[in-house]
Structure formats: C-alpha cells, structure tokens
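One structure is given below, encoded as structure tokens.
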Amino acid sequence: MGNPGYIYGESLNGGMFEEYDTFDPGFGFGMTWSELMGTYYDLQTSFQNPRYNMVQAAGASNSYQQMRYTLTTALLGDAYYGFDFGPTNHGQLWWYDEFDVDLGEPLEEYLELGSEQITNGNFSNGTNGWELEVHWPASANLSINSGSGNPYAVVNITTPHPNPTDANFYEIALKQLNNSNLSFLPDQLYKISFRAKASFARQMYMIILRDVGPNYPWLISNQTIDLDTSWQEYEFIVSPNTSIAYPASEIRFTFHLAQAGGMVSFDDISMRPLYGGFPAMREFENGLVICNPGTSPITVNLPETYYRIAGAQDPVVNSGNSCTQITVPAKDGRILLKSRPRISLMSPDQLTFASQWVGTTSAAQAVTIKNSGTSPLILSGIAFGTPVPGFSYSGISFPIELAINQSISFSVIFSPQSDGQVMDTLYILNNSVNNNSLPVNLLGTAQYPQPQEPQNVSITLQGVNAVITWNPVTQSILNTPFSPDYYLVFYNGSTTSDGEYYFHGITTATAYTHQQVANHAQHMFYRVHAYKATSRMALDKVLALEAGVPESEVFRILSKN
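So this is what it looks like as structure tokens:
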C-alpha cells in the first residue's frame, strides 16, 4: 500500500489517503474533494488484485461531523476507513454509532459516467469523426479493418519522424475534430478509455489540447501509453488544467504516434464525464450513503421512507426517526437505513425439556428475539408445526411492534398428554426481510407417572394353591387417573419378607393364583406392582418376561428404551 503518487501502483495492492481532511494543513495532499474522488476511482481500477485501499481521517474523538463527512466519502468507494487523533498519535480505537451499521453490499458505483464525448469511438462508421494528421517528412495512412466483423482503426506509419522527440511526436496524430459534443470543462473529471495494440512494442502519447495555434496549449499533461502486440485496455482519469471553458470547436482529442513506425490499432475509444455533482450518494442493500462536500447545506428528497441511525453519540443526528427528506450540512454526511426489519433469535434455536410426567407441566424456558434491522419489526403470531398437544407459550400477545434494537422474551412450557418423545417446531410469524417464520425446535420426553401401590394385598390358600388378591389401582402417585395394562406379581419363598423377590407372572385382573405352591413351600411372600407400558416395545418386553428373573432386573429391563 502506498500514499497518493502511486508511481509503483502496478506493484502495489492499494493506496491510502492519509490524514484526509485533517486539521493539519501539512496533510491532505492538497486535493479538492473532486480530485480526491478521481484518484479514489483510479485506485479501485489500476492496482493489482487483491485491492486494499484506505481513507484515514483525523480529528478529535467527538468530531462527529468530520467523522461522518470522511466516512461517507470513503463509503462512496470500497476502501477501508479509520478515524483517530492524527499524525502525532495513531493509538486510538474510537468507535462510533455508524460503525455498527450493516449496510450490506453496494448496489451501484458512485462514480457514474455521463454522456459519451467521442464520436464513432468503435469505428462502426468507418473513419467518420476521425482524421489522421501527418507532417512531412513523416508519412502514414489510416484504414479500417473489418475482417473479423468488429471494425477497428489501423494507422500504418510508413515513415516515422527521423529525429523523434517529445516536441514532434504530434507530426503523426490520430485526432477527433469538429465534434460539437466534445466538451472539456474545468473542475470536471473525465474517464478516458480505449483498446490498442501495435505491430511491435512501442510507446505513444494521448493528449487533449486547445486547437488554436500557434502553440496549441495542452489541457492535460501527456499520458504515456506502452503498447504491446496484443490488444490491451487502457483507462485514465483526467481533468483540465485550465479554468476556462473552451468551446467544442477549440478542443482536440489526439494520439501522437510519430515516435516509431509500424502499425498501431485502436478500438472502443471513449471519453465520458464522471458525475461530481452534490449530493454524492451511493445505494446499498440496507441503506443509503449521502455525502455533502459542498459549502452550503443540501436537502435531499428520498425515494422511499428511510430511518436515521439510532445512536447515543450524536442523538440529534442519529435519532432513529423515519424520514422522507433530509438536510445535510456542508462538509457532512448521513447514513440512512432502508425499511428493513430483521429478526434475530437471542436464545437457543432448540429448547430441550427434561423427562416430564404425563399430565404435568414443566418449568418454563425463555425464547428471546430482537429486532436487529433498520425499521420496526411487527410480530403477528406464533404457530406450531404439528397439531399434537404438548407445548404452549405465554407472556406475549399479538400483534406487537419491536423498535430498532428492541428485544422481547416469552415462555414455552411442556405439558405432555401422552408418553414418549415429543418433537415440534414453534414458528414466530413476523414481517422481517430475513425470516418471516423464525423456527424454534422443541423436544421433550414424557412418561406416565408411577402408579400407586396396590392396596389390601392378601393371600388365601385354597388347597395347595395360593390366591393373591388386591384392590384395583386407579390413581398415580400424583393422584391423577391411572389405568394399568398389567399387574406384575413377584414371589419370595424364603423365611423372611426381606428376602429377594423373583418375577412369577402377570395378570390384567386383581387376583392371581400361584398353583400348587403349598406342596413345596413353607413360607410364601408376594409383591404386586401395577404397570403401564410406554410403547409397543415396552409391552412386548413385559410379555417376554420369564419367571425367576429378580425383581430389580425386571425393572431394569423395563426401564430401557
């Protein structure tokens, strides 16, 4: 990266306008704003890729107007920008409201081109508008090559000047004359571009001069062009070095060719003014940049409703208010934001609820959203992805409007009505430009609450059979309705009720018969548990249980998914 001058531009990746518009008169490079913008344009087209240009400005930390003026100047192109104290101390990292703005991608180039000044620059009408000037003893001729279907001009220099110097290169010159559109106005920037090649590597000059003798004063410094044997594209930004607006009849656009012989070919010759009028504006995806480099305020009628930045450092300017017209003082700038409400999820995009008993309600989890856009965000409602009950929200009513940077939270709860894993998606309906149905994934696992233990369990011996009976279980431990699928019966034949119990069988009734147990057992203890399967798989596991499995192992098997 270099400073303006850029004599090594072909070897650099960018340039820096150091201390631009500083209070220190030793910096700023003596450029007018229009001259700076012309150089800025050149930086964006002439350096090698990748390009990293920079506008570096200086002032006091609270010089908000100066910061806005230089920042909006920088935003008219694609340079990086910095603002600090200045040449004696660059150690500041000041942050401004404008730095937080997401303008998105630019939708246009600031330096738009005006009307074409050159007649027949593509030579589609032959040599119309062009003349080859030749002075003895040099000799040359002009022709049009149309063989490829794309016509171009060819100057065949059969005799170059015998003693070529800067002063006599004009003695063979391709020039545009008698063009009433050829204006070249003071304080106006012009972009000149063309394609050219030569039969061997050589140089030529491009000149704009006053077509009045005897001295024919140059209106720009001569531009030296290095030609190659293949077509090359050339581009220059120039401005008249005179304060006089000469009529078109006194303007001559010319290429000086008497340096060497051979053939020089031209095509697509163009000269167009660069718009430098005020205000200077550039449109972005999310906003508009306005810069007023003039000496008096300007009022701009806006094509749509825009919003000022909502900031704290200069709240009169950055009020966050909407506007359809804005006045920008001299040497100031504004960044305006389009009506672009954006929604951001500040909480996780998935809420996972711990295992919850059917018929109960979980603790609430919060969903927080923010208007991260540039205009009010309207929330219109919430929708769920499936009609299966299980999740619900509270703490918010619709419609609701969120101002720029405003956040709001609401609660989501899990109230399962059946067991198993429950998945759903909550959609926040809104008018944002980025996601008008913002999703939040919901996940919960439900299981039936444990049943109450059977009451009044009793054993009756009928001969050698033991008949166990009990009261039906109708409620869970939460006193909610409960209807078991089976009763599981466990048997302990040891001498104490504290011994280990083993699975014996299942029944859907409230009675169970242990056949012929009295033939071989002196002690009989039983446990009965009500059971409800949470899935077809769990039911199959119950039906597959074999007698003799320890009680703890049975419940371990049944608890596995």
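When we follow our numbering, the leftmost residue of the sequence shown carries the number 288, and every step to the right adds one. For each residue, glycine too, the CB sits at the ideal point set by N, CA and C.
| Item | Value |
| --- | --- |
| With distance defined between alpha-carbon atoms, name the residue in A817, L394 and S662 nearest to P738. | A817 |
| Are the Cβ atoms of Y849 and D601 separated by less than 8 Å? | Any property of residue 849 remains undetermined from this structure, which presents the chain solely from 288 to 848. |
| On the CB-based measure, 16 or more other CB atoms within 10 Å of its CB, does V603 come out buried or exposed? | exposed |
| Are the CB atoms of L363 and E385 within a distance shorter than 8 Å? | no |
| Here's the rule: buried if 16 or more other CB atoms are within 10 angstroms of the residue's CB, otherwise exposed. What is Q704? | exposed |
| Hey, which unbroken runs of the beta strand (DSSP E) at 3 residues or more fall wholly within the segment 448–486? | 459–463 and 476–485 |
| Check D711 in the structure and name its three-state DSSP category. | strand |
| Could you tell me whether the Cβ atoms of N605 and G598 are closer together than 8 Å? | yes |
| Have a look at N509, E537 and D711 and flag the residue whose alpha-carbon is nearest the alpha-carbon of S526. | N509 |
| Under three-state DSSP, which class holds M824? | helix |
| Which two residues bound the contiguous alpha helix (DSSP H) that contains T929? | With the chain covering 288 to 848 only, the question about residue 929 has no answer from this structure. |
| List the whole-angstrom C-beta distance separating D389 from N573, where the pair is believed to meet the contact cut-off of C-beta under 8 Å. | 6 Å |
| What first and last residue would you give for the alpha helix (DSSP H) that runs through A488? | Where A488 is concerned, there is no enclosing alpha helix (DSSP H), given that its DSSP letter is neither H nor E. |
| Do you know whose CA, among N723, F471 and G731, lies nearest Q861's CA? | Any answer about residue 861 is impossible in this case: the structure gives the chain only from 288 up to 848. |
| Give the range of the beta strand (DSSP E) segment to which M341 is assigned. | M341 to A345 |
| Please go through the segment 337–393 and give each complete alpha helix (DSSP H) segment of 4 or more residues, from N-terminal end onward. | 351–362 |
| In its own chain, which residues sit with a C-beta less than 8 Å from the C-beta of L826, not counting the 5 before and 5 after it? | D772 and A820 |
| Counting along the chain, where does the alpha helix (DSSP H) carrying L845 start and finish? | E838 to S846 |
| Out of T511, V499 and G301, point me to the one whose CA is closest to M493's CA. | T511 |
| Where does N806 fall in DSSP's three states? | helix |
| Is it true that the CB of A670 sits closer than 8 Å to the CB of L716? | yes |
| Pick helix, strand or coil for V727, following the three-state DSSP scheme. | strand |
| From what residue to what residue does the beta strand (DSSP E) around Y799 run? | A798 to H801 |
| Enumerated in chain order, which unbroken segments of the alpha helix (DSSP H) with a length of 4 residues or greater are wholly contained in the segment 745–805? | none |
| Quick one: residues in its chain with C-beta nearer than 6 Å to the C-beta of A460, no 5 flanking neighbours on either side, listed in chain order? | E420, T541 and H543 |
| Give me the residue from Q803, S467, F410 and N502 with the minimum Cα distance to A454. | N502 |
| Identify every run of the beta strand (DSSP E) within the segment 490–571, keeping only runs that are complete inside it and at least 3 residues long; order them along the chain. | 510–514, 519–525, 538–543, 549–561 and 567–570 |
| Would you say the segment 617–632 touches the segment 652–660, given that touching needs at least three Cβ pairs under 8 Å? | yes |
| Opposite K625 in the DSSP bridges: which residues? | Y593 |
| For D498, which residues of its own chain have a beta-carbon under 6 Å away from its beta-carbon, when the five flanking residues on both sides are left out? | E537 and R539 |
| Please state whether the Cβ-Cβ distance between S698 and S681 is less than 8 Å. | yes |
| Could you check how far apart the C-beta atoms of N415 and N407 are, in whole angstroms? I think they sit under 8 Å. | 5 Å |
| Given a cut-off of 8 Å, decide if R482 and L514 are closer than it, judged by their beta-carbon atoms. | no |
| Thinking C-alpha only, which one of I444, N723, G413 and L748 is nearest A425? | I444 |
| Does DSSP put S298 in a helix, a strand or coil? | helix |
| G792 and V776 look like a contact to me (Cβ under 8 Å); what is the Cβ gap, rounded to whole Å? | 5 Å |
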